[in-house]
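Participant: Numbering (the numbering used here), first residue to last: 195 to 1287.
Once you've had a glance at the structure underneath, I'll fire off some questions.
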C-alpha cells in the first residue's frame, strides 16, 4: 500500500548539474544520493536543542521513525500554486552536483558556476528550505573549491550519508519555523478553482513563509469584477475575510500536519490531521477536509508500515486510530480512499481526484484486487485529466496507460496513449515555452504504433483506428523541428495503410509527409479547383443581447409611455429579424463534416460573400483540423464594413496546397452523394442537382455603426442592496462609453421581482375585506429626476464616464431589481439595450400595521384616520404627516397616529367606476375564478384609498440617520369605513326636541332625512334610544321618494323622563334595486332635555 502514502510523506529534493558534467556521472551521483536519502532514521538526527524547541519536532517519537527524501532531476511547476496546499509537491531541498575534473574543460571557473547555481537556480524555487552544492571530485592541478561547496567523492557512501543527515537535520529546524509561522497567520487562502481544474498558475511568491497575506494569484477579484452600484452609506455586507479567518485554524492545523508527516513525526501528524478534520467539518471547508482525510489515512498507513503493531505499542494514539489500525484491511483502505476521492469531486478538485485515483488503482493492481474496479478508477481519473494543464495531462495519461497495461486492458491503454500523444502535439507546438525530449516523443509514438498493430508483420485488426495513429504521427512530425525518426515511423505506418486510403487521401498524405520533411510548401495564389462537401450548415451566432440593435416604434402612444405592461422598449422580443452593426465583428458557426477516411487540415478558412448583393466584409482566417469521418463546429468571424445587406455565400479555405470553396445553394449546402466501394468512400460528381429543403436565408440587415456602453463595476463587494422597509437612499449607476461613437440618447427603466403572495384568492370575503397592495408610485429604484429618459446636457463622448443618480426605496416583498438601459444616437431609430440585476433585501423598518376611521367631532366633512405604525428598527423614529402631525415611535414598538383627512365628496358613479387595468393586475376582485359578492364594496374601498393617498403622505426619520417614506399602500379599508370616509347622498339630522302637551314624560324628536342625490330616493329610518326611553309606535319609518336634493321631516315620540341629555341612534338605509349599491348611514345624537312648556 506504499503507493498511497509514499507520495505524501517524501520530501522532494531536486538535483541539478553545476557546470560541465557528464550525463552518466550525474545520474550515478543522483542514484547514490537516492539510496542514501531513501529513509533517514530520526534517531540518527541530533538537531541543536536551541534551534528545535517545539515538542513535536524536538526529538523522535519512537525509534523506528524515518524521514524520506525523494530525489528528482526535473520538476514541473505547472501547478506550483498547490505547493503550500500539499507540501510534498514543492521542492524543499536543492542539491547542486559538480565534478571538478570534468568541469576543467569548461571555459567558466568553478566559482562562477557555483555562483550561477546559487543566484540563478536556487531562486527559481522560492519554497526551498535547504540548498547544498557538492563536488564529486576536486578541480585538477590542486585547485581549491569554494567555501560553499562540500566535497563528497563519488562512491563514498559514508560521506554522502553525513551530507543527507545534515540536510535532514536542517529540514527539521526549518519545519519548526514554518509551523510557527503558519499557526500565527490570521488568513490562509485556499487554492483558486483554476489551480485545481485547469492550467496551474506558476508564482514566484513564497507561499509557505508568508505573513498571512495571499500572493497576487490568490488575492480577491480586481475592481473590474466588482458590482455596479455604490451606496453612499456604509456597507452592511459580511466580507469573505470573516469566513477565511474562521477557517484559518483548521487550515493551519492541516499545513502543520503535512510538515509533521514529512518530518516523520507520524503520531503528532495524526493528532494534527484529526484536529484539522474537526475544524474543517465545523466550517464546511470541503476541500481542506478531503486533503486532511487523505493525509490522515496516509499517515496511519505509513505508521503501520514503519511500526507494526503501533496500536498496541503507542498509548498516545487516539482510540479511533487504534481501532482503525487493528481492523484496517485492503477492502477497508480502498473504501476510505474512495470516500476521499468522492470528497475531492464534491469540492470540484478534479486534478487532486485524478492523482489519488491513479495511486489507489496502482495499489489495487499490486494486491491483485479485481481488475475491473481498478480499471474503473483509472477511467474516472482519465475523465478528470482533461481539466488539467497540458504537461500535467501528459504525465497522468502516461501513468493511466501504464495502469491499463498492468490490468490487461489494451484498448483502454491505446486510448490513454492516443490522448497522451495529442497532448504531446499540443506541447511541442509551443516548444518556445515547454520542452519535451525527442526520445519521449518517439517512444510514445512507437509504443502506440505497436499497440495498434501498425509495425507488426501481420495486421492485428482495428483498421479504422490505425489511420488515427498515422494522423497523430503526421501531426507530431509537423510540430517538431527535428522529425527524422518520426518521419521514418510515419512512412512505415503509411505503407501499412495504403489499401485503406482513397486516391485523394493518398495524395494528401504524401503532401503532408513532404511538408513534415520540409521538402515542399503550399503554393500561394492557387485558384479554387473543386468543391468538397465539407460545409453542412452555416448559421449566425447572435451577438450578446447588450450589442443587438433594436428598432424603436415610429410613434409611441401615450398609453405605452404610462403603462409598462403595454409596449416597452425593454420588453424581450422572442421573434423578429436580427440586425447587425457596421464595423463590429460578427460570428458565424459552420458545421463541417469530413467525408475522408483520414483527418484533413483546412488552412486559412474565411467567409465569402456575394459581391453583387452584399456589403464588403473583413474576414478573419483560421485553421481547422477535421477528424476522419468526423464533424466539427467552427466559428468564423467577419466584420461588415458599411451599412446595407449582408449576404453570405459560404467559406473558402486552402487544402492540399490549393484554394477550395464550399458555397451554399438556396441556403443549404450543395451536398454530394457518397459511393462506398471496397470499404473506401470516394467523392463523385453528382449527375443531377441534389434536392434539399430550403434553409434559413443567409441575409442580414446591417445598420450604421452604433456606440457601445458598459456598466462600470463600482460600489460594494456584492451586487446587492439592503434597505429598511420604506427607507430612501442614493445610488449611482455609472456608465462608460467604450465604443468610438458618442451617445446622444439614453433611457433607464426598472423591472422588479417580488416574492410570491400565496393564498390571496383563497381568503374568505366575509371575514377579510382588504385591497391588495396596488401602490405603484414607489419603485425600488428610480432616476433621481423622476423620469426614465435621462436628459443628456452633452453627448457621452467615447471613453468617458457618465453617472446616473438613482433613488432607492425599501419596498417590502421585492427580491431583485433589473436595471434596463437603452442608448444610441438621437438621430437613429435603433437602440441598444443592456441590463444589470441588483439583489434587494428589505428588512423590517417602519410600516403601517392597522387603520381605523371615525368622524371628526368638530367638522362634518372631516374624518379621522387612526393609523397604527410599527417601528421594527432599533432606533427611535419620528413620523411626520403632511398635515403637520408628528409622532415619535420607540424601537420595536407600535404607536397610533391620528390624521385628519377630508371626507370624499365623490358621487356614487365615481366611486363605482372600473379600476384601471394597470392596478387591477394586483387588486383582486375574484375568488376561485368567480366575481366576489362584495365587489362593489371592495371597489369603493379602492377609490376611497385613492382619495386618502391624494391627501395624506408621511415620512420618517430615525435617530441613527436613516430616513424614508412611510408606505401607505398597506392601508386596508373595509366596508365599515365607507360611511365614515364618504359623504353619502343620504343623511339624517336632528331638527328639534320638545315635550308633548299635557304629557311631560313624552318627548317629541323631529328628525330630518336628506337626499343629496340628483334623483329621487326612498329610505328606511330606524331609531334606537338608550335604556331610559322607549319608542311609542313603530321605530322604523318608510320615507318614499324623497325628491332630488330635498329633505323630509319625521316626528318620533319617546316615553321616558330624563334630567340630563340622552343618546339616540338613527340608522338610515336607501331602498335600492338589485343592481344598485345598498347605502346606509348610522348617526349618533345627544338629545338635550327640553325646557318645560
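For each residue, glycine too, the CB sits at the ideal point set by N, CA and C.
Note that the structure is predicted; figures quoted are calculated from it, not measured.
#1: In whole angstroms, what is the alpha-carbon distance linking residue 377 and residue 370?
#2: Answer yes if the stretch 796-808 comes into contact with the stretch 918-936, meaning at least three C-beta pairs across the two stretches below 8 Å, and no otherwise.
#3: Could you have a look at residue 369 and say whether DSSP puts it in helix, strand or coil?
#4: Exposed or buried, what is residue 466 when buried is set at 16 or more other beta-carbons lying within 10 Å of its beta-carbon?
#5: Who does residue 1017 pair with in a DSSP beta bridge?
#6: Bridge partners for residue 1157 per DSSP, in chain order?
#7: Quick one: what does DSSP say residue 204 is sitting in, helix, strand or coil?
#8: Using only the alpha-carbon positions, how far apart do residue 463 and residue 512 sit?
#9: Who are residue 1046's beta bridge partners in DSSP?
#10: By a C-beta neighbour count over all protein chains shown, 10 Å radius and 16 as the cutoff for buried, is residue 846 buried or exposed?
#11: DSSP three-state call for residue 377: helix, strand or coil?
#12: Beta-carbon within less than 8 Å of residue 1087's beta-carbon, same chain only, minus the 5 sequence neighbours each way: which residues are those?
#13: Does the beta-carbon distance from residue 559 to residue 501 come in below 8 Å?
#14: From residue 308 to residue 210, what does the alpha carbon distance come to, in whole angstroms?
#15: Residue 740 lies in the alpha helix (DSSP H); which residues open and close that run?
#16: Shortest alpha-carbon distance to residue 787 belongs to which of 800, 827, 798, 780?
#17: Might you give, ordered along the chain, the residues of its own chain that have their beta carbon closer than 6 Å to the beta carbon of residue 740, omitting 5 neighbours on each side?
#18: Considering just the uninterrupted stretch of the beta strand (DSSP E) at residue 1188, what are its terminal residues?
#19: Taking residue 1107 as the reference, which of 1078, 1138, 1093 has the closest Cα?
#20: Let's see if you can read the secondary structure: which residues bound the alpha helix (DSSP H) around residue 489?
#21: Hey, could you find the ends of the beta strand (DSSP E) residue 1097 is sitting in?
#22: With residue 586 as the anchor, note down where its alpha helix (DSSP H) starts and where it stops.
#23: Tell me which same chain residues have a C-beta within less than 8 Å of the C-beta of residue 226, skipping the five on either side of it?
#24: Considering just the uninterrupted stretch of the beta strand (DSSP E) at residue 1241, what are its terminal residues?
#25: Compute the Euclidean distance between the alpha carbons of residue 1285 and residue 1081, then round it to the nearest angstrom.
#26: So, at 7 Å on beta carbons, what are the nonlocal neighbours of residue 515 in its own chain, with the 5 sequence-adjacent residues on each side left out?
#27: Note down the Cα distance separating residue 1103 from residue 1181, rounded to an integer number of angstroms.
#28: Return helix, strand or coil for residue 266, following the three-state DSSP convention.
#29: Contact check, residue 824 vs residue 729 under 8 Å by CB: the rounded distance?
#30: For residue 1222, which three-state DSSP category applies?
#31: Return the CA-CA distance between residue 977 and residue 1030, expressed in angstroms with no decimal places.
#32: Would you report the Cα separation of residue 520 and residue 259, rounded to the nearest angstrom?
#33: Note down, in chain order, each residue of its chain lying with its Cβ closer than 8 Å to the Cβ of residue 408, except the 5 sequence neighbours on either side.
#34: How many Å lie between residue 1226 and residue 1074 at the Cα?
#35: Per DSSP, residue 1261 forms a beta bridge with which residues?
#36: What are the start and end residues of the beta strand (DSSP E) that includes residue 1177?
Facilitator: Reading off the structure:
#1: 11 Å
#2: no
#3: helix
#4: buried
#5: 940, 1026
#6: 1151
#7: strand
#8: 12 Å
#9: 1060
#10: buried
#11: helix
#12: 1064, 1065
#13: no
#14: 11 Å
#15: First-last for residue 740: undefined, no H or E at that position.
#16: 827
#17: 1028
#18: 1180-1190
#19: 1138
#20: 480-500
#21: No beta strand (DSSP E) contains residue 1097, which DSSP labels as neither H nor E.
#22: 584-601
#23: 348, 349, 351, 354
#24: 1240-1249
#25: 45 Å
#26: 464, 494
#27: 18 Å
#28: strand
#29: Not a contact, Cβ separation roughly 15 Å.
#30: coil
#31: 15 Å
#32: 20 Å
#33: Reliability of the predicted coordinates at residue 408 is poor, the pLDDT of 33 falling under 50, and no value is obtained from them.
#34: 52 Å
#35: 1216, 1276
#36: Premise fails: residue 1177 is in no beta strand (DSSP E) and is neither H nor E.
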